[in-house]
Amino acid sequence: MSDRPLIRFEQVSKTYPNGTVALSDVGFAVEAGTIHAICGENGAGKSTLMKILSGLEAPTSGGLAIDGLPVRIDNPRAAAALGIGMVHQHFSLIGGLSVTENILLGQEPRHGPFVDRAKARARVLDLASRYSLDVDPDATLSTLSVAAQQKVEILKALSRDTRILILDEPTAVLSPPETEELFRRLVALREQGLTILFISHKLKEVRELAQRVTTMRAGRVSGDAAMSDVSDDAIARLVMGEATTSTIVRPEPQSGTPRIAVCGLTLRARDANDRLDAIHLDIRPGEILGIAGVDGSGQRGLVKVLAGSRRPDAGTISWDGEPVVGERTGALRRRGLAHLPADRFRDGGSRRLTLTENALAGAHRGYRFGPLLRPRAMVERTRAIIDTFGVRCPGPLAPLGALSGGNAQKIIAAREFGTNPRFLIADQPTRGIDVAAANFIQDQIVALARSGCAVLLLSADLDELLRLSTRVSVLYAGRLVATFPNSPDLTPARLGPYMLGLEVAA
Amino acid sequence: MIDLLGLVPAILRVSTPLILAGLGVHVSSRAGVLNIGIEGMMLAGALAGVVVSALTQNVWLGLAAALVSGAVLAAMLSGAIHLLRADLILSGIALNMAAIAGTTLGLFALTGDKGISGSLPSLVLPSLTIPLIENIPILGPILSGHNILTYAALLAVPLVALLVTRTPLGLAMRAVGENPEAAAATGIPVLRVQVTALLISGLFAGAAGAFLSMGYVSWFSQNMTAGRGFIALAADVMGFGYAWGTLAAALLLGATEAITLSLQGFGVPSELLQAIPYLVPVLAMVIHARRRKLHEDD
Amino acid sequence: MIRNALAEAALTVAVVIAVVALVLVPLALTQPDPMGVVTTFLFGPFRNLRYLGNIVELATPSMFCGLAVALILRAGMFNLGVEGAFFLGGLGTVAAALLLPLPAPLLAPAALLVGAVVGSSVCVVPGVLRARYGASELVSSLMLNFAALFIGLYVLNVLLRDPAAGAMVSFKIPADAKLPKLIEGNRIHLGTLLALLACGLGAVYLFRTAGGFESRIVGANPNFAGHLGLAVRNIGLRAQVIGGLIAALGGGIEMLGLYQRFSWQALPGNGWTGVTVAILARDHPALVIPAALFLGWMQVGGDLVARNFDVPNEAVGLMQALLLVTVTAAALTRNPKLLRAFGARTGASA
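Protein chains in written order, with the working numbering: chain A, 1 to 506; chain B, 507 to 804; chain C, 805 to 1154.
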């Protein structure tokens, strides 16, 4: 290791105004002319760190040094001036513009008042040949395939005398042959002297591409080594962390016949997080099936299909033996569906409506006297919920927006659980909420299972999954790659290789 | 018998304010700002043109005043939505309300008459006769002899198309209109681009108004825009985002109005004909939306 | 929490006062007797019963249109066809009153019903286009307002026009269809009571029925509504249908209550006043009543000033426009510093 690395992070910390600690004392170095991988689960802080490097965010403390000189990167333009280009996971391209216009947006060559189209085209072709990324300079962006668009995004990042290229989960949107092609390009770029920071949770790819890997966990650096010095298992353990010794709850299934049976479920989509590939699973009444998987493995697609907001492209879903494919959310709710959504303020409630309205929405038709609602009964019920769930709030008529995340989630959970559901989808139920509220909600989920509900639990928190689940299935790239009965020897380290794509259960 | 060829001058005349206002809507829509207030900006331009040309007895100062007043109102709309963070649509509605009230007030203050500016010696924008071309049989009267703003409107279409597709500002506008975050990440000043687009929109609206009161007729009357600004909104929707499309839509709608006027002598009820320019856009919107929906359901 | 709501209300009232002053004072200063202008504007409408009656007469159609807009906005729709619905409702009602061979007690209700259904089409068509094809109800409703105007004028000309009368007006509305007056010596008619009733029912619908609740959920957060399994598109459509019916009913009631003949030659503008009323009322049906009365007060004040001084009543139009912008200006009405000045407590609890 030379003593003048190209990039050095020095005790970078980032705390958001709402109190969330995204990064804590992150420090490591990146050598020039290498491909340096950054691995971690979602929430580990890798995206935040890259946002700081590319000028989209500022650190709360700590600093960066490029080429030995301390720098402050205040905005994307400053990053570009330092030679830093970023290829975002969700492309920052404009569909209505051409490839050339996108690549040179903001730095077009001029000819009088006009854009010099010929010059622009020539520049793009030159860039394309220099980096061996062929694109059609005149095509309208929205007509291109995702892999082609990614090439455009990469060229855009390379267009400003770039020497540091950051790629955030680039293969999430690519097919295997496209991934191979991308890797060839990246290796070629490295050979031309570029330094590449490669964020990924796919260990196979990291092993193939990178010379060095830094693992992050919960906002801190958990490991930093040359690829040749560390095994895949070791990396997996550094990413996943060690198991905590919380008692496993593991409700028992109450019947052998599954309540929910899914067969061959396939969903085609542009976004990898929506893609499903021939999923088979079943959930019995009384059991909690935990889905482990790094973010973007298809959880969103699974939830959308099971909750009735999207039709699958193939496969069957049945409830207690009855096929339900094609039924939308309303019909499924009538069958007994409950859904605790991952994005609680976008889908789970409305900040503008009161706690009572949020808590009883969907069940409101049960609180009627003739055509009219019974407000007093509804408020009473909400007061009972506030009591039972220990919601800290100004009162049942306060707007949901006045509550903290944890307390809002309690209201949302109370609503969803209160319908005596037969199938509950709990999607990141305790993300971002305080420990007491989290424990309470977890207890409620288990209680529901014990009363005969079939529960699908999706969580990025492996400790939570391993504490509550009856069985754990691992989702990777849209496929269910393994299913294990939960037991004390099922640890994050054991799940790691499956979650990171290294292994597939036979 | 309807003299179709003879209708062309009428069609061009009726379409001119629609083309100008339509281009104004087109530009601001590209940048993502739906300018509902275009109606009010036209009205203000119409009054300003009449007043200033009467006071200065200079028709070009009148036209300039019309352009400026359109831009001033556009600046006020920008202030409402960017500074005060008021709702875009409601601010546009408010601007229209204010323009109707304000122009009537202004007219009254200057002439003591709320209805019409007859007492003001306002001027009329000249028509252009092109030598040589005017002598071509049949085509002559079609190509020559139109109001200068009509020629300006037709010329403006390729210019606006060039602006939007070939200049850095136009590219910036389209980027901002489609994905403001991505545009900002490239360093484009989103706010400045949107304000510029609105100001251009106001200029065009002012010109459209000037044509109404200084070309189409030679006076200002209360609320004389009569919904043409809204028709311009529809023309932009029908234009699918192309300046030439907006032109085509404006010409179509102008043609329906012109044919309406000429059919009035033939016992076809005039009111029903007058409804047609407002029904055609709705039909076009349905066709467009249906097609888009069929494509989406994949 | 109540403190915050009161602070918001107080801030809104302060903004309203500021706007009125902003328009009134400069206008008054252009006159030789500025104090006279201001006092006539503000207090003139209360000087005698007739002027008070005028406030109520003007407020009545505003209540209907304001209620319609409020219900539509609460469902998250931006349908501006209320203007055309009001016009066409008036025309349809007069046509039905003239054409239906019904005895006295039945004629008015039947005519109003016909008018409401016919007039609501101006809101329903854009609503259907939105629900089925996703086409913007904003632009289509703006267009249909004018289409309704011209088609209506055609019907007026062909079916209802009284050749004996000088202008293009309809035959006299049969006395059997007229709405009874409420107070002697005044023009206040039954329609006012109906308007109050409608606002009350609107409040009950929105806040005390399942349908209204679902409507509010769709308007507050359509994603949430979808998550619950609500039929989002149909609920949006329903709100526009109801809004259209109410606005059209308002037009019919205005005709049967105040007019001798149908005489509107242009869109009467009540729809736009309704938008202002709804915004002032924060889309709350019960608050539509004081908001409409307030605007009526402003309008009568403006008329009095116009009659006694040389100031045209368009000033009220300017006020309305400014109110529309300022009351929705988040920078003003949701400004934390201003809210705190009015006594709000900031910060979420718990």
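Using N, Cα and C, we set each Cβ at its ideal position, and we do this for glycine too.
The alpha helix (DSSP H) enclosing residue i, as first and last residue numbers
i	result
His-993 of chain C	No alpha helix (DSSP H) holds His-993 of chain C; DSSP gives it neither H nor E.
Pro-909 of chain C	908-937
Thr-656 of chain B	654-672
Ile-595 of chain B	594-617
Ile-955 of chain C	941-959
Met-216 of chain A	Not the alpha helix (DSSP H): Met-216 of chain A falls in the beta strand (DSSP E), residues 212-217.
Asp-427 of chain A	Here Asp-427 of chain A belongs to no alpha helix (DSSP H); instead the beta strand (DSSP E) covers 423-427.
Pro-396 of chain A	Unbroken run through Pro-396 of chain A: none, as it is neither H nor E.
Ile-544 of chain B	544-562
Thr-1080 of chain C	1074-1084
Pro-341 of chain A	Per DSSP, Pro-341 of chain A belongs to no alpha helix (DSSP H) and is neither H nor E.
Thr-589 of chain A	A question about residue 589 of chain A goes unanswered here, because the residues of chain A that appear run from 1 up to 506.
8 Å Cβ cutoff met for residue i and residue j
i	j	result
Leu-360 of chain A	Met-378 of chain A	yes
Leu-524 of chain B	Ile-737 of chain B	yes
Gly-45 of chain A	Leu-23 of chain A	yes
Val-71 of chain A	Leu-82 of chain A	yes
Leu-613 of chain B	Lys-620 of chain B	yes
Met-791 of chain B	Ala-951 of chain C	no
Leu-789 of chain B	Leu-704 of chain B	no
Asp-232 of chain A	Pro-497 of chain A	yes
Leu-424 of chain A	Ile-411 of chain A	no
Leu-611 of chain B	Leu-631 of chain B	no
Gly-1061 of chain C	Gly-893 of chain C	no
Val-1045 of chain C	Ser-924 of chain C	yes
Val-824 of chain C	Ala-1082 of chain C	no
Ala-225 of chain A	Val-474 of chain A	no
Gly-1016 of chain C	Leu-1010 of chain C	yes
The beta strand (DSSP E) enclosing residue i, as first and last residue numbers
i	result
Lys-509 of chain A	With chain A represented from 1 up to 506, any question about residue 509 of chain A goes unanswered, as that position is not in the structure.
Asp-25 of chain A	21-30
Leu-1049 of chain C	Per DSSP, Leu-1049 of chain C belongs to no beta strand (DSSP E); it is in the alpha helix (DSSP H), 1036-1062.
Arg-374 of chain A	It is not in any beta strand (DSSP E) - Arg-374 of chain A carries neither H nor E in the DSSP assignment.
Thr-179 of chain A	First-last for Thr-179 of chain A: 176-191, but that is the alpha helix (DSSP H), not the beta strand (DSSP E).
Arg-117 of chain A	First-last for Arg-117 of chain A: 117-130, but that is the alpha helix (DSSP H), not the beta strand (DSSP E).
Ala-225 of chain A	220-226
Met-86 of chain A	84-87
Pro-70 of chain A	69-71
Practice task
Quick one: which residues of the stretch 687-711 of chain B get their C-beta closer than 9 Å to a C-beta of chain A? List them in chain order.
Solution key: Glu-687, Ala-688, Ala-689, Ala-690, Ala-691, Thr-692, Gly-693, Ile-694
Handout entry: Where the stretch 944-959 of chain C meets chain B: residues whose CB sits under 7 Å from a CB there
Key = Result list: Ser-944, Leu-946, Met-947, Leu-948, Phe-950, Ala-951, Phe-954, Ile-955, Leu-957, Tyr-958.
Exercise for the section: Check whether the stretch 565-579 of chain B touches the stretch 708-726 of chain B, taking contact to mean three or more Cβ pairs, one atom from each stretch, closer than 8 Å. Expected result: They touch, by the three-pair rule.
Handout entry: Given 8 Å, three or more beta-carbon pairs between the stretch 548-565 of chain B and the stretch 594-608 of chain B
Key = yes
Exercise for the section: Assess, as a yes-or-no matter, whether the stretch 910-923 of chain C is touched by the stretch 886-900 of chain C under the definition of 3 or more beta carbon pairs within less than 8 Å. Expected result: yes
Exercise for the section: Please list the residues of the stretch 763-788 of chain B that have a C-beta atom closer than 7 Å to any C-beta atom in chain C, keeping them in chain order. Expected result: Pro-775, Glu-777, Leu-778, Gln-780, Ala-781, Tyr-784, Leu-785, Pro-787, Val-788
Problem - Near-chain C residues of the stretch 335-354 of chain A - C-beta to any C-beta below 9 Å - result: Leu-337, His-339, Pro-341, Asp-343, Phe-345, Arg-346, Asp-347, Gly-348, Gly-349, Ser-350, Arg-351, Arg-352, Leu-353
Practice task
Please confirm if the stretch 840-858 of chain C is in contact with the stretch 1099-1118 of chain C, defined as three or more CB-CB distances below 8 Å between the two stretches.
Solution key: yes
Problem - Ordered list of beta strand (DSSP E) runs contained in the stretch 256-332 of chain A, each at least 3 residues - result: 260-267, 276-283, 288-292, 314-319
Exercise for the section: Would you mind listing the beta strand (DSSP E) stretches within the stretch 856-890 of chain C that are 3+ residues and don't spill past its ends, in chain order? Expected result: none
Practice task
With 7 Å as the C-beta to C-beta threshold (strictly closer), list the residues of the stretch 1091-1118 of chain C near chain B in chain order.
Solution key: Pro-1116, Glu-1118
Handout entry: At least 3 beta-carbon pairs within less than 8 Å: the stretch 303-313 of chain A vs the stretch 267-277 of chain A
Key = yes
Problem - Segment contact, 8 Å Cβ cut-off, at least three pairs: the stretch 210-225 of chain A with the stretch 29-46 of chain A - result: yes
Handout entry: Given 8 Å, three or more beta-carbon pairs between the stretch 773-780 of chain B and the stretch 822-842 of chain C
Key = The stretch 773-780 of chain B is not in contact with the stretch 822-842 of chain C.
Exercise for the section: Count the CB pairs spanning the stretch 119-137 of chain A and the stretch 720-728 of chain B that are closer than 8 Å, and state whether there are at least three. Expected result: no
Exercise for the section: Anything in the stretch 91-108 of chain A with a Cβ closer than 7 Å to a Cβ of chain B? List those residues in chain order, please. Expected result: Taking 7 Å as the upper bound on Cβ-Cβ separation, chain B lies near residues Ser-92, Leu-93, Ile-94, Gly-95, Gly-96, Leu-97, Glu-101, Leu-105, Gly-106, Glu-108 of the stretch 91-108 of chain A.
Handout entry: Positions along the stretch 277-289 of chain A whose CB lies within less than 9 Å of some CB in chain C
Key = Contact residues of the stretch 277-289 of chain A toward chain C are absent (C-beta to C-beta distance below 9 Å).
Exercise for the section: May I ask you to verify whether the stretch 164-183 of chain A touches the stretch 112-125 of chain A, counting CB pairs closer than 8 Å and requiring at least 3? Expected result: no
Handout entry: the stretch 64-79 of chain A: positions lying closer than 7 Å to chain B by Cβ
Key = Pro-76, Arg-77
Practice task
Check distances from the C-beta atoms of the stretch 590-609 of chain B to those of chain C and list, in chain order, the residues that come in under 9 Å.
Solution key: Leu-590, Arg-591, Ala-592, Asp-593, Ile-595, Leu-596, Ser-597, Ile-599, Ala-600, Leu-601, Asn-602, Met-603, Ala-604, Ala-605, Ile-606, Ala-607, Gly-608, Thr-609
Practice task
Would you be able to state if there are at least three C-beta pairs under 8 Å between the stretch 516-532 of chain B and the stretch 646-655 of chain B?
Solution key: A contact exists between the stretch 646-655 of chain B and the stretch 516-532 of chain B.
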